[in-house]
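Scroll down for the structure; my scribbles are underneath it.
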Amino acid sequence: MDLEALYRDLHAHPELAFTEHRTAGIVADRLTELGLEVHTGIATTGVVGVLRNGDGPTVLLRADMDALPVREQTGLPWASTETTTDEAGNTIPLMHACGHDIHITCLLGAVEAMSGSREEWSGTLIALFQPAEEHGGGAQVMVDDGLYEKIPVPDVVLGQHVLPSPAGMVGAHPGAAMAAVDTMEVTLHGRGGHGSRPETTVDPVVMAAAAVMRLQTVVSREISPKDTAVVTVGSLHAGTKNNIIAAEATLGISVRSFNEEVREHVLEGVHRVIEAESQASGAPRRPDFEWGERYPVTVNDPDSTERVNAAFAAEFGEGSVLAPGALSGSEDVGNLATAAGAPLVYWMLGGGDPETVLRAVAAGTVDTDIPSNHSPFFAPIPQPTIDTGVRALVVAAREWLA
151 MDLEALYRDL
161 HAHPELAFTE
171 HRTAGIVADR
181 LTELGLEVHT
191 GIATTGVVGV
201 LRNGDGPTVL
211 LRADMDALPV
221 REQTGLPWAS
231 TETTTDEAGN
241 TIPLMHACGH
251 DIHITCLLGA
261 VEAMSGSREE
271 WSGTLIALFQ
281 PAEEHGGGAQ
291 VMVDDGLYEK
301 IPVPDVVLGQ
311 HVLPSPAGMV
321 GAHPGAAMAA
331 VDTMEVTLHG
341 RGGHGSRPET
351 TVDPVVMAAA
361 AVMRLQTVVS
371 REISPKDTAV
381 VTVGSLHAGT
391 KNNIIAAEAT
401 LGISVRSFNE
411 EVREHVLEGV
421 HRVIEAESQA
431 SGAPRRPDFE
441 WGERYPVTVN
451 DPDSTERVNA
461 AFAAEFGEGS
471 VLAPGALSGS
481 EDVGNLATAA
491 GAPLVYWMLG
501 GGDPETVLRA
511 VAAGTVDTDI
521 PSNHSPFFAP
531 IPQPTIDTGV
541 RALVVAAREW
551 LA
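First residue of the sequence shown? That's 151 in the numbering used here, and the numbers climb one at a time after it.
This is the structure we're talking about:
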(Lines of atoms letter the chains of each structure in order from A and count residues from 1; the text may use other names and numbers.)
(Lines give C-alpha, C1' and ligand atoms only; values in the text may rest on other atoms or scores of the structure.)
Protein backbone atom coordinates (compact mmCIF):
# COMPACT_ATOMS: atom_id res chain seq x y z
CA MET A 1 0.00 0.00 0.00
CA ASP A 2 1.43 3.39 -1.02
CA LEU A 3 0.75 5.21 2.24
CA GLU A 4 2.16 8.57 1.18
CA ALA A 5 -0.07 8.65 -1.90
CA LEU A 6 -3.03 7.67 0.26
CA TYR A 7 -2.23 10.46 2.71
CA ARG A 8 -1.99 13.07 -0.04
CA ASP A 9 -5.33 11.92 -1.49
CA LEU A 10 -7.08 12.03 1.88
CA HIS A 11 -5.61 15.45 2.62
CA ALA A 12 -6.85 16.84 -0.69
CA HIS A 13 -10.39 15.54 -0.12
CA PRO A 14 -11.48 16.43 3.44
CA GLU A 15 -15.02 15.88 4.67
CA LEU A 16 -16.93 17.26 7.67
CA ALA A 17 -18.39 15.30 10.58
CA PHE A 18 -20.86 12.56 9.60
CA THR A 19 -20.30 13.30 5.89
CA GLU A 20 -17.07 11.31 5.50
CA HIS A 21 -18.60 9.12 2.78
CA ARG A 22 -15.67 9.16 0.35
CA THR A 23 -13.17 8.60 3.15
CA ALA A 24 -15.24 5.76 4.64
CA GLY A 25 -15.47 4.12 1.23
CA ILE A 26 -11.69 4.18 0.79
CA VAL A 27 -11.19 2.77 4.28
CA ALA A 28 -13.73 -0.02 3.79
CA ASP A 29 -12.21 -1.01 0.45
CA ARG A 30 -8.67 -1.18 1.90
CA LEU A 31 -9.81 -3.23 4.89
CA THR A 32 -11.70 -5.62 2.63
CA GLU A 33 -8.61 -6.05 0.43
CA LEU A 34 -6.61 -6.95 3.55
CA GLY A 35 -9.09 -9.69 4.44
CA LEU A 36 -10.81 -8.12 7.44
CA GLU A 37 -14.42 -8.55 8.48
CA VAL A 38 -15.74 -5.06 7.67
CA HIS A 39 -18.65 -3.20 9.29
CA THR A 40 -19.81 0.05 7.66
CA GLY A 41 -22.44 2.69 8.36
CA ILE A 42 -21.98 2.72 12.15
CA ALA A 43 -23.04 6.21 13.29
CA THR A 44 -23.65 6.99 9.58
CA THR A 45 -20.06 6.88 8.30
CA GLY A 46 -18.09 4.89 10.87
CA VAL A 47 -16.10 1.90 9.62
CA VAL A 48 -14.71 -0.97 11.70
CA GLY A 49 -12.49 -3.82 10.54
CA VAL A 50 -12.06 -6.99 12.61
CA LEU A 51 -9.07 -9.31 12.11
CA ARG A 52 -9.48 -12.56 14.04
CA ASN A 53 -6.27 -14.51 14.44
CA GLY A 54 -6.73 -17.26 17.02
CA ASP A 55 -7.00 -17.09 20.78
CA GLY A 56 -5.82 -14.09 22.74
CA PRO A 57 -6.77 -10.57 23.79
CA THR A 58 -8.81 -8.14 21.72
CA VAL A 59 -7.09 -4.85 20.89
CA LEU A 60 -8.90 -1.84 19.41
CA LEU A 61 -6.92 0.73 17.41
CA ARG A 62 -8.77 3.95 16.68
CA ALA A 63 -8.44 6.74 14.10
CA ASP A 64 -10.78 9.67 13.49
CA MET A 65 -11.78 10.79 9.98
CA ASP A 66 -13.44 14.22 9.93
CA ALA A 67 -11.97 17.53 8.80
CA LEU A 68 -12.59 21.17 9.73
CA PRO A 69 -14.19 24.25 8.09
CA VAL A 70 -10.82 25.93 7.49
CA ARG A 71 -9.42 27.46 4.28
CA GLU A 72 -6.04 25.81 3.75
CA GLN A 73 -3.02 28.10 3.31
CA THR A 74 -0.15 25.59 3.37
CA GLY A 75 0.68 25.95 -0.32
CA LEU A 76 1.26 22.20 -0.59
CA PRO A 77 0.78 20.51 -3.98
CA TRP A 78 -1.88 18.34 -2.32
CA ALA A 79 -3.56 21.20 -0.43
CA SER A 80 -7.33 21.07 -0.17
CA THR A 81 -9.46 23.32 -2.35
CA GLU A 82 -12.68 21.55 -1.31
CA THR A 83 -15.77 23.40 -0.13
CA THR A 84 -19.19 22.39 1.12
CA THR A 85 -22.46 24.02 2.12
CA ASP A 86 -23.29 24.48 5.79
CA GLU A 87 -26.70 24.24 7.44
CA ALA A 88 -27.41 27.91 6.68
CA GLY A 89 -26.64 27.48 2.99
CA ASN A 90 -23.26 29.20 3.16
CA THR A 91 -20.28 27.90 1.19
CA ILE A 92 -17.46 26.98 3.57
CA PRO A 93 -13.90 25.70 2.92
CA LEU A 94 -12.62 22.34 4.14
CA MET A 95 -9.22 21.24 5.42
CA HIS A 96 -7.64 18.40 7.37
CA ALA A 97 -6.28 20.98 9.79
CA CYS A 98 -6.01 18.58 12.73
CA GLY A 99 -4.16 15.69 11.12
CA HIS A 100 -6.95 13.12 10.96
CA ASP A 101 -5.71 12.19 7.48
CA ILE A 102 -2.43 11.14 9.12
CA HIS A 103 -4.38 9.09 11.67
CA ILE A 104 -6.32 7.23 8.95
CA THR A 105 -3.19 6.56 6.90
CA CYS A 106 -1.21 5.23 9.85
CA LEU A 107 -4.00 2.92 11.00
CA LEU A 108 -4.44 1.44 7.53
CA GLY A 109 -0.68 0.93 7.39
CA ALA A 110 -0.71 -0.76 10.78
CA VAL A 111 -3.53 -3.10 9.71
CA GLU A 112 -1.55 -4.03 6.60
CA ALA A 113 1.52 -4.78 8.75
CA MET A 114 -0.47 -6.86 11.24
CA SER A 115 -2.32 -8.73 8.48
CA GLY A 116 0.97 -9.64 6.87
CA SER A 117 2.52 -10.98 10.07
CA ARG A 118 -0.27 -13.17 11.49
CA GLU A 119 2.18 -15.96 12.32
CA GLU A 120 3.79 -13.64 14.89
CA TRP A 121 0.76 -12.82 17.04
CA SER A 122 -2.51 -14.24 18.31
CA GLY A 123 -5.77 -12.59 19.27
CA THR A 124 -8.23 -10.18 17.64
CA LEU A 125 -7.33 -6.82 16.14
CA ILE A 126 -10.03 -4.16 15.70
CA ALA A 127 -9.39 -1.14 13.47
CA LEU A 128 -11.99 1.53 14.19
CA PHE A 129 -12.36 4.58 11.95
CA GLN A 130 -14.54 7.10 13.75
CA PRO A 131 -16.58 9.94 12.28
CA ALA A 132 -17.20 13.30 13.90
CA GLU A 133 -14.48 13.79 16.49
CA GLU A 134 -14.41 17.53 15.79
CA HIS A 135 -18.15 18.05 15.98
CA GLY A 136 -20.86 15.65 17.04
CA GLY A 137 -19.21 13.28 19.49
CA GLY A 138 -18.80 10.43 17.01
CA ALA A 139 -17.30 7.98 19.51
CA GLN A 140 -20.39 8.00 21.72
CA VAL A 141 -22.67 7.99 18.67
CA MET A 142 -20.95 4.79 17.50
CA VAL A 143 -21.43 3.25 20.95
CA ASP A 144 -25.09 4.28 20.97
CA ASP A 145 -25.49 2.77 17.50
CA GLY A 146 -24.67 -0.65 18.92
CA LEU A 147 -20.93 -0.72 18.25
CA TYR A 148 -20.14 -3.44 20.79
CA GLU A 149 -23.09 -5.53 19.64
CA LYS A 150 -21.53 -5.64 16.17
CA ILE A 151 -17.88 -6.23 17.09
CA PRO A 152 -15.99 -7.91 19.97
CA VAL A 153 -15.55 -5.87 23.14
CA PRO A 154 -11.87 -4.85 23.37
CA ASP A 155 -9.53 -5.53 26.28
CA VAL A 156 -7.66 -2.29 25.58
CA VAL A 157 -8.26 0.83 23.44
CA LEU A 158 -5.23 2.41 21.75
CA GLY A 159 -4.82 5.47 19.57
CA GLN A 160 -2.65 8.42 18.65
CA HIS A 161 -2.87 12.09 17.67
CA VAL A 162 -0.39 13.97 15.52
CA LEU A 163 1.06 17.22 16.91
CA PRO A 164 3.64 19.70 15.57
CA SER A 165 6.31 18.13 17.82
CA PRO A 166 9.37 16.75 15.98
CA ALA A 167 8.49 13.91 13.61
CA GLY A 168 9.83 10.56 14.72
CA MET A 169 8.80 11.05 18.35
CA VAL A 170 5.92 9.40 20.21
CA GLY A 171 4.77 9.26 23.83
CA ALA A 172 1.80 9.13 26.17
CA HIS A 173 1.02 11.00 29.39
CA PRO A 174 -0.35 8.79 32.21
CA GLY A 175 -3.54 9.82 33.98
CA ALA A 176 -5.47 12.90 32.84
CA ALA A 177 -3.91 13.43 29.43
CA MET A 178 -6.41 15.78 27.74
CA ALA A 179 -9.02 18.13 29.11
CA ALA A 180 -12.77 17.73 29.33
CA VAL A 181 -14.68 20.09 27.08
CA ASP A 182 -18.15 21.58 27.43
CA THR A 183 -19.45 23.73 24.59
CA MET A 184 -22.58 25.82 24.46
CA GLU A 185 -24.43 28.35 22.34
CA VAL A 186 -25.95 31.13 24.43
CA THR A 187 -28.62 33.45 23.06
CA LEU A 188 -28.95 36.82 24.82
CA HIS A 189 -32.31 38.51 24.30
CA GLY A 190 -32.66 42.25 23.92
CA ARG A 191 -35.20 44.58 22.38
CA GLY A 192 -34.31 45.82 18.94
CA GLY A 193 -34.81 49.25 17.49
CA HIS A 194 -33.31 52.19 15.62
CA GLY A 195 -29.67 52.97 16.29
CA SER A 196 -30.56 56.62 16.87
CA ARG A 197 -32.95 55.80 19.74
CA PRO A 198 -31.08 53.45 22.10
CA GLU A 199 -33.30 54.51 24.98
CA THR A 200 -36.17 52.53 23.44
CA THR A 201 -34.14 49.34 23.22
CA VAL A 202 -32.26 46.78 25.27
CA ASP A 203 -29.00 46.41 23.38
CA PRO A 204 -27.82 42.76 23.27
CA VAL A 205 -24.46 43.79 21.77
CA VAL A 206 -23.57 45.75 24.88
CA MET A 207 -24.97 42.91 26.99
CA ALA A 208 -22.82 40.40 25.11
CA ALA A 209 -19.70 42.55 25.34
CA ALA A 210 -20.12 42.89 29.10
CA ALA A 211 -20.64 39.14 29.44
CA VAL A 212 -17.56 38.33 27.36
CA MET A 213 -15.34 40.53 29.49
CA ARG A 214 -16.78 39.31 32.80
CA LEU A 215 -16.41 35.66 31.73
CA GLN A 216 -12.64 36.15 31.71
CA THR A 217 -12.77 36.46 35.51
CA VAL A 218 -14.34 33.05 36.08
CA VAL A 219 -10.96 31.34 35.76
CA SER A 220 -8.67 34.20 36.82
CA ARG A 221 -10.60 35.04 40.00
CA GLU A 222 -12.52 31.90 40.94
CA ILE A 223 -10.16 29.00 40.14
CA SER A 224 -7.03 28.30 42.15
CA PRO A 225 -3.71 28.80 40.34
CA LYS A 226 -2.99 25.16 41.25
CA ASP A 227 -5.85 24.06 38.99
CA THR A 228 -6.32 24.44 35.25
CA ALA A 229 -9.31 25.66 33.28
CA VAL A 230 -10.00 27.63 30.12
CA VAL A 231 -13.06 29.65 29.13
CA THR A 232 -13.12 30.73 25.48
CA VAL A 233 -15.77 32.75 23.68
CA GLY A 234 -15.07 31.58 20.16
CA SER A 235 -17.91 33.36 18.38
CA LEU A 236 -20.17 36.38 18.87
CA HIS A 237 -22.92 37.08 16.38
CA ALA A 238 -25.38 39.99 16.47
CA GLY A 239 -27.04 42.45 14.16
CA THR A 240 -27.27 43.08 10.42
CA LYS A 241 -26.64 46.82 9.94
CA ASN A 242 -24.83 49.63 11.72
CA ASN A 243 -27.94 51.70 12.42
CA ILE A 244 -30.07 48.85 13.76
CA ILE A 245 -29.91 47.68 17.35
CA ALA A 246 -30.41 43.93 17.19
CA ALA A 247 -32.97 41.93 19.11
CA GLU A 248 -30.52 39.22 20.18
CA ALA A 249 -26.87 38.18 20.29
CA THR A 250 -25.36 34.70 20.31
CA LEU A 251 -22.17 33.57 22.04
CA GLY A 252 -20.32 30.36 21.23
CA ILE A 253 -18.46 29.24 24.38
CA SER A 254 -16.12 26.37 25.19
CA VAL A 255 -14.89 25.37 28.64
CA ARG A 256 -11.88 23.10 29.32
CA SER A 257 -11.06 21.47 32.65
CA PHE A 258 -9.17 18.53 34.13
CA ASN A 259 -11.27 17.47 37.12
CA GLU A 260 -14.96 17.32 37.89
CA GLU A 261 -14.95 19.81 40.78
CA VAL A 262 -13.30 22.52 38.69
CA ARG A 263 -15.52 21.65 35.74
CA GLU A 264 -18.71 22.13 37.76
CA HIS A 265 -17.45 25.38 39.32
CA VAL A 266 -16.51 26.92 35.97
CA LEU A 267 -19.77 25.91 34.29
CA GLU A 268 -21.75 27.35 37.21
CA GLY A 269 -19.71 30.54 36.96
CA VAL A 270 -20.32 30.90 33.22
CA HIS A 271 -24.05 30.40 33.72
CA ARG A 272 -24.15 32.85 36.64
CA VAL A 273 -22.25 35.61 34.80
CA ILE A 274 -24.43 35.41 31.71
CA GLU A 275 -27.65 35.38 33.72
CA ALA A 276 -26.45 38.33 35.81
CA GLU A 277 -25.36 40.45 32.82
CA SER A 278 -28.70 39.75 31.16
CA GLN A 279 -30.57 40.86 34.27
CA ALA A 280 -28.33 43.90 34.74
CA SER A 281 -29.12 45.00 31.19
CA GLY A 282 -32.85 44.73 31.75
CA ALA A 283 -33.31 41.95 29.22
CA PRO A 284 -36.96 41.17 28.46
CA ARG A 285 -36.32 37.45 28.98
CA ARG A 286 -33.64 35.17 30.38
CA PRO A 287 -30.88 33.87 28.10
CA ASP A 288 -31.16 30.50 26.38
CA PHE A 289 -28.39 27.89 26.79
CA GLU A 290 -27.95 25.12 24.22
CA TRP A 291 -25.30 22.47 24.88
CA GLY A 292 -22.98 21.23 22.14
CA GLU A 293 -20.07 18.78 22.50
CA ARG A 294 -19.40 17.55 26.01
CA TYR A 295 -16.38 15.23 26.19
CA PRO A 296 -14.96 13.86 29.44
CA VAL A 297 -11.33 14.12 30.52
CA THR A 298 -9.17 11.78 28.45
CA VAL A 299 -7.61 9.51 31.08
CA ASN A 300 -4.77 7.17 30.19
CA ASP A 301 -4.56 4.07 32.36
CA PRO A 302 -1.21 4.52 34.22
CA ASP A 303 -0.06 0.89 34.11
CA SER A 304 -0.98 0.43 30.46
CA THR A 305 0.62 3.75 29.56
CA GLU A 306 3.87 2.75 31.26
CA ARG A 307 3.78 -0.48 29.29
CA VAL A 308 3.30 1.31 25.96
CA ASN A 309 5.95 3.96 26.64
CA ALA A 310 8.43 1.21 27.52
CA ALA A 311 7.63 -0.54 24.24
CA PHE A 312 8.17 2.75 22.39
CA ALA A 313 11.53 3.23 24.08
CA ALA A 314 12.59 -0.25 23.00
CA GLU A 315 11.41 0.35 19.43
CA PHE A 316 12.49 3.93 18.81
CA GLY A 317 15.06 4.62 21.54
CA GLU A 318 14.68 6.50 24.82
CA GLY A 319 15.41 9.84 23.13
CA SER A 320 12.42 9.46 20.82
CA VAL A 321 9.80 9.07 23.55
CA LEU A 322 7.82 12.28 24.09
CA ALA A 323 6.79 13.44 27.55
CA PRO A 324 3.88 15.59 26.35
CA GLY A 325 2.29 16.44 29.70
CA ALA A 326 -1.44 17.06 30.00
CA LEU A 327 -2.90 18.92 27.02
CA SER A 328 -5.77 21.41 27.21
CA GLY A 329 -7.20 20.12 23.94
CA SER A 330 -10.01 17.58 24.15
CA GLU A 331 -10.84 14.19 22.65
CA ASP A 332 -13.76 11.77 22.69
CA VAL A 333 -11.72 8.55 22.27
CA GLY A 334 -12.20 7.86 25.99
CA ASN A 335 -15.88 7.12 25.39
CA LEU A 336 -14.88 4.02 23.39
CA ALA A 337 -12.82 2.72 26.33
CA THR A 338 -15.39 3.62 28.99
CA ALA A 339 -18.19 1.84 27.14
CA ALA A 340 -16.01 -1.27 26.88
CA GLY A 341 -14.75 -1.10 30.46
CA ALA A 342 -11.25 -1.20 29.02
CA PRO A 343 -8.06 0.77 29.76
CA LEU A 344 -7.12 3.57 27.34
CA VAL A 345 -3.69 4.58 26.06
CA TYR A 346 -3.74 7.60 23.78
CA TRP A 347 -0.36 8.96 22.77
CA MET A 348 1.01 11.93 20.85
CA LEU A 349 2.79 11.51 17.50
CA GLY A 350 5.26 14.12 16.29
CA GLY A 351 4.61 15.49 12.81
CA GLY A 352 6.74 18.62 12.59
CA ASP A 353 9.99 19.03 10.66
CA PRO A 354 12.58 18.28 13.39
CA GLU A 355 15.10 20.95 12.37
CA THR A 356 12.45 23.66 12.09
CA VAL A 357 10.85 22.74 15.42
CA LEU A 358 14.14 22.52 17.32
CA ARG A 359 15.28 25.83 15.84
CA ALA A 360 12.05 27.47 17.02
CA VAL A 361 12.44 25.89 20.47
CA ALA A 362 15.96 27.32 20.76
CA ALA A 363 14.75 30.75 19.69
CA GLY A 364 11.66 30.67 21.91
CA THR A 365 9.40 31.21 18.90
CA VAL A 366 7.41 27.97 18.80
CA ASP A 367 4.06 29.71 19.27
CA THR A 368 4.66 32.11 16.37
CA ASP A 369 6.75 29.98 13.99
CA ILE A 370 5.25 26.48 14.29
CA PRO A 371 1.64 26.17 13.08
CA SER A 372 -0.48 24.17 15.50
CA ASN A 373 -3.47 21.92 14.98
CA HIS A 374 -6.50 23.78 13.56
CA SER A 375 -4.24 26.37 11.90
CA PRO A 376 -4.69 26.90 8.12
CA PHE A 377 -0.91 26.37 7.91
CA PHE A 378 -0.81 23.06 9.84
CA ALA A 379 0.95 20.48 7.68
CA PRO A 380 2.65 17.42 9.20
CA ILE A 381 5.54 16.20 7.07
CA PRO A 382 4.59 12.83 5.55
CA GLN A 383 7.84 11.15 6.56
CA PRO A 384 8.97 10.02 9.02
CA THR A 385 5.55 10.84 10.52
CA ILE A 386 3.64 8.07 8.72
CA ASP A 387 6.26 5.37 9.25
CA THR A 388 6.57 6.27 12.94
CA GLY A 389 2.79 6.29 13.38
CA VAL A 390 2.42 2.88 11.74
CA ARG A 391 5.21 1.37 13.85
CA ALA A 392 3.79 2.92 17.03
CA LEU A 393 0.36 1.37 16.47
CA VAL A 394 1.87 -2.02 15.68
CA VAL A 395 4.25 -1.97 18.65
CA ALA A 396 1.49 -0.93 21.05
CA ALA A 397 -0.94 -3.56 19.74
CA ARG A 398 1.67 -6.31 19.95
CA GLU A 399 2.14 -5.53 23.66
CA TRP A 400 -1.27 -7.20 24.20
CA LEU A 401 -1.55 -9.61 21.30
CA ALA A 402 0.22 -12.82 22.23
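Virtual Cβ for every residue (Gly too), placed ideally from N, Cα, C.
Following the DSSP letters along the chain, one finds Asn485 in no beta strand (DSSP E) but inside the alpha helix (DSSP H) bounded by residues Gly484 to Ala490. Between Leu386 and Ala397, the C-beta gap is not smaller than 9 Å, which leaves the two residues out of contact. Per DSSP, the beta bridge partners of Ser404 are Thr333 and Thr382. Under the three-state reduction of DSSP, Met498 is assigned to strand. For Glu427, the enclosing alpha helix (DSSP H) has its first and last residue at Glu410 to Ala430. Phe408 is positioned such that its CB atom lies no closer than 9 Å to that of Asp451.
The three-state reading of DSSP puts Asp537 in helix, counting H, G and I together. Using a Cβ distance threshold of 9 Å, Trp550 and Asp305 count as a contacting pair.
Cβ-Cβ distances below 7 Å link Arg457 to Glu549 in the same chain, with the five nearest sequence neighbours on each side left out; the list follows chain order. For His344, the number of other beta carbons within 10 angstroms of its own is below 16, and it is reported as exposed. In the structure shown, Pro532 falls within a helical segment according to DSSP collapsed to helix, strand and coil. Take the alpha-carbon of Ala460 and the one of Glu440: they are about 44 Å apart.
In this structure, Leu543 lies away from Leu297, with their beta-carbon atoms at least 9 Å apart.
Inclusion of Ser470 and Ala463 in the CB contact set at 9 Å is warranted, their separation being smaller than that value. About 5 Å separates the beta carbon of Lys300 from that of His189, a gap short enough to meet the 8 Å contact definition. At a Cβ-Cβ threshold of 9 Å, Thr241 and Thr233 count as neighbours. For Arg371, there is no enclosing beta strand (DSSP E); the residue is found in the alpha helix (DSSP H) stretching over Pro354 to Glu372. For Leu313, the enclosing beta strand (DSSP E) starts and ends at Val306 to Pro316. Per DSSP, the unbroken beta strand (DSSP E) holding Ala277 starts and ends at Gly273 to Gln280. By the beta-carbon neighbour count (other beta carbons within 10 angstroms, threshold 16), Ile520 is buried. Taking C-beta atoms as the reference points, Val495 and Gly309 count as a pair closer than 9 Å. For Pro281, the closest C-alpha among the options Pro243, Leu218 and Ala260 is that of Leu218.
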